[in-house]
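Below is one structure; the comments refer to it alone.
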Amino acid sequence: MCCFQLSMLSEFIPIEKSELLGEYFSSLTPNTIDKITASKVSDYLDIDVDIARKILMKCKNEGLLKLSLALRCPECGSLIKRLDDYMDDFQDITSCYVCGEENLEVDEKNIELLFELIQKKKSFNSGQQITLFKKQDTTNVALENSMSSYLKSGILDINKELYSISKKEYEALQSLCEEVRASRSKKAKGDSLERLAKYMFNLCKIFRANEIRTSVNQIDCYVRNKAFFPCGVFRIIGPRIIIECKNEDRVPAGTYISKMHSIISEINGKGDFVKFGIIISKKKAPGTYKKHAVKYFLAKEIVIIHICLDEVDSLVQSKGNLLDIIEQKAEEIILDATTDLKVAGLYGD
Ligand SMILES: [Zn+2]
C-alpha cells in the first residue's frame, strides 16, 4: 500500500497505525486476503472496533477493498455461506452443514461483512460452500463484524450502497421526467409515467420492476424486493411493492387511494404478501391522501406513500436517493398512525 493511500486514513488513525495496516494487508495470504474483518483489524492495530469498521468502509469506498457478505450460523458460529451482493439466496439457507442445525432463522446479526484486498485479487468460487471456510474461521466473533453493528453505528449506509446511481442514470431519469411532461395523448402520458417508474425502481440494485397483469387487474409497476435482509427501509417495504401511476394533469381524485387498497386486498387475500404501495402521479397528492393512508395503515398495516413528478425532479436535481425518500415518506405515515393510535386508546370513539 503506498503512502498516498495511507494518508486517506489520517482522519481516523495516526500515520504509524496506517503503516501497520499496510503491513497487515501485505501479510495476508491467498486464504485470508478475502476475509478481512473489523475485529481482525481492530486486534492487529489495537484500535477500537468502531474505528476499524470506519477504516474498512473508507478503504472500500476508495476502491482498495471489495465488500462481500457472509452468513454465520447462529447456532455454532461457523461461516457457512458467502455472497457478493445483497440479493444472494440467504433465505434459502435453513440448515448448517457444520453443526447440522436444520431450522436456522437468520437476520442481519448473522450476516457478517468481509472485505477483500483488491490488489492481490484471486479467483473465488462462491458456489462451493463446503470448502469455503477453514476451521479457524469458525470462532464466534460475529457481532463485531455483523451487518447490524455496521448499520447501528451508521458506518454502513445501506440506502447509499443499494441506490448509488451514475450521472448518466440521473440524466436518463431527468429525460424520462421531461417525457412525462411533454406527453399529450392519454395513452402516451400513461406509458411515459410507467416507463419513468420502472426505470427509477430498477436503478436500485435489489429491485426488479415491471408491469404485470393479475386475473383482475393491470398493475402499472410491480416491484420485487430481492434483498434477503430485513433492515432499515426494507423492513417496512417487505418483499413486494405495488405501484399505481396517475397521469392526469390535475390533482388526482381522492378515490385513487381506495383503488390501491382494493388491488392490494385482492392480491393479499388472507395473507400479507404486499405490505407496501406507492402512488406516483404527475400532480401532487390530494389533501385527503395522508388521512386515508394513515387510516389504512392502522387497519391493515399496509403503508401507501405518494410521490409526485416534482419530487422525482428534485430527486434528480439534488442527486438524491430514492430509498431515503421512500423511508422518510413511510415513516411519516407510520409515525402519524402511532399518534392516532394513542389518541384512540386514550379516548376511544
Ligand atoms: Zn452451525
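If you read the sequence shown in the numbering used here, its first letter stands for residue 121, the second for the next number, and so on. Cβ coordinates follow ideal geometry from the N, Cα and C atoms, glycine included.
What residue range is occupied by the uninterrupted alpha helix (DSSP H) comprising residue i?
{"i": "PHE354", "result": "353-357"}
{"i": "CYS297", "result": "287-302"}
{"i": "CYS179", "result": "169-181"}
{"i": "LYS280", "result": "278-282"}
{"i": "TYR164", "result": "158-165"}
Helix, strand or coil, according to DSSP, for residue i in the structure here?
{"i": "ARG315", "result": "helix"}
{"i": "ALA329", "result": "strand"}
{"i": "ASN345", "result": "strand"}
{"i": "GLY142", "result": "helix"}
{"i": "PHE417", "result": "helix"}
{"i": "PHE235", "result": "strand"}
{"i": "VAL436", "result": "helix"}
{"i": "LYS402", "result": "coil"}
{"i": "GLU451", "result": "helix"}
{"i": "ILE275", "result": "coil"}
{"i": "THR258", "result": "Annotation note: pLDDT 48 at THR258 (below 50); position unreliable, coordinate value reported separately. DSSP places THR258 in helix when its eight states are reduced to three."}
{"i": "ASP369", "result": "coil"}
{"i": "GLY374", "result": "coil"}
{"i": "LEU126", "result": "helix"}
{"i": "ILE213", "result": "coil"}
{"i": "SER268", "result": "helix"}
{"i": "PHE396", "result": "strand"}
{"i": "ASP340", "result": "strand"}
{"i": "SER382", "result": "helix"}
In whole angstroms, give me the CA-to-CA distance for residue i and residue j.
{"i": "PHE396", "j": "ASN367", "result": "20 Å"}
{"i": "ALA292", "j": "ARG328", "result": "18 Å"}
{"i": "SER243", "j": "VAL394", "result": "Note that SER243 scores 37 on pLDDT, short of 50, meaning its location in the model is unreliable; the coordinates nonetheless yield the value given after this. Looking at the two C-alpha atoms, the distance is approximately 39 Å."}
{"i": "PHE253", "j": "ILE422", "result": "Its pLDDT being 48, under 50, PHE253 is placed unreliably by the model, and the measurement read from it follows with that caveat. Straight-line Cα distance between these residues: approximately 41 Å."}
{"i": "ASN245", "j": "SER198", "result": "Because ASN245 carries a pLDDT of 38, less than 50, the predicted location of this residue cannot be relied on, and no value is offered for it."}
{"i": "GLU314", "j": "TYR270", "result": "36 Å"}
{"i": "ARG301", "j": "GLN338", "result": "23 Å"}
{"i": "ASP392", "j": "LEU184", "result": "43 Å"}
{"i": "GLN249", "j": "ARG202", "result": "Caution applies to GLN249, whose pLDDT of 38 falls short of 50 and renders its modelled position unreliable; the value that the coordinates give is listed next. The straight-line gap from Cα to Cα measures roughly 8 Å."}
{"i": "MET128", "j": "LYS318", "result": "38 Å"}
{"i": "PRO150", "j": "TYR144", "result": "13 Å"}
{"i": "GLN448", "j": "LEU237", "result": "35 Å"}
{"i": "LEU296", "j": "SER434", "result": "13 Å"}
{"i": "ASN441", "j": "LYS272", "result": "20 Å"}
{"i": "LYS402", "j": "LEU429", "result": "5 Å"}
{"i": "LEU165", "j": "LEU176", "result": "13 Å"}
{"i": "ILE427", "j": "PHE354", "result": "18 Å"}
{"i": "ASN322", "j": "LEU316", "result": "10 Å"}
Whose C-alpha, out of the options, is nearest the C-alpha of residue i?
{"i": "ASP340", "options": "CYS365, ASP205 and PRO350", "result": "CYS365"}
{"i": "LYS160", "options": "ASP205, SER266 and GLU431", "result": "SER266"}
{"i": "LEU470", "options": "GLU225, LEU276 and LEU224", "result": "No answer is possible for residue 470: it lies beyond the span of the chain, which begins at 121 and ends at 469."}
{"i": "PRO406", "options": "ILE384, SER434 and GLY374", "result": "GLY374"}
{"i": "ILE278", "options": "ILE200, SER335 and LEU187", "result": "LEU187"}
{"i": "TYR342", "options": "PRO350, ASN330, VAL353 and THR334", "result": "ASN330"}
{"i": "TYR409", "options": "PRO372, SER146, ASN345 and CYS324", "result": "PRO372"}
{"i": "ASP205", "options": "CYS193, CYS324 and CYS179", "result": "CYS324"}
Taking residue i as part of the beta strand (DSSP E), name the residues at either end of that continuous run.
{"i": "LYS186", "result": "185-192"}
{"i": "ILE133", "result": "No beta strand (DSSP E) holds ILE133; DSSP gives it neither H nor E."}
{"i": "LYS201", "result": "199-203"}
{"i": "ILE427", "result": "423-428"}
{"i": "GLU195", "result": "Where GLU195 is concerned, there is no enclosing beta strand (DSSP E), given that its DSSP letter is neither H nor E."}
{"i": "LYS366", "result": "360-366"}
Compute the minimum distance between the beta carbon of residue i and the heavy atoms of ligand 2, and state whether it is under 7 Å.
{"i": "VAL300", "result": "Ligands in the displayed structure: ligand 1; ligand 2 is not one of them."}
Inter-stretch contact at 8 Å, needing at least 3 Cβ pairs: the region 408-418 / the region 374-387: Here the region 408-418 makes contact with the region 374-387; the two share three or more CB pairs at distances below 8 Å.
Cβ contact check for the region 273-289 and the region 308-315: 3 or more pairs under 8 Å: Fewer than three pairs of CB atoms, one per stretch, sit closer than 8 Å, so the region 273-289 makes no contact with the region 308-315.
Touch test, the region 219-230 against the region 150-165, Cβ-Cβ under 8 Å, three pairs minimum: No, because fewer than three Cβ pairs between the region 219-230 and the region 150-165 fall closer than 8 Å, the two stretches do not touch.
Segment contact, 8 Å Cβ cut-off, at least three pairs: the region 131-149 with the region 166-185: With a cut-off of 8 Å, the region 166-185 and the region 131-149 count as touching, because enough Cβ pairs lie within range.
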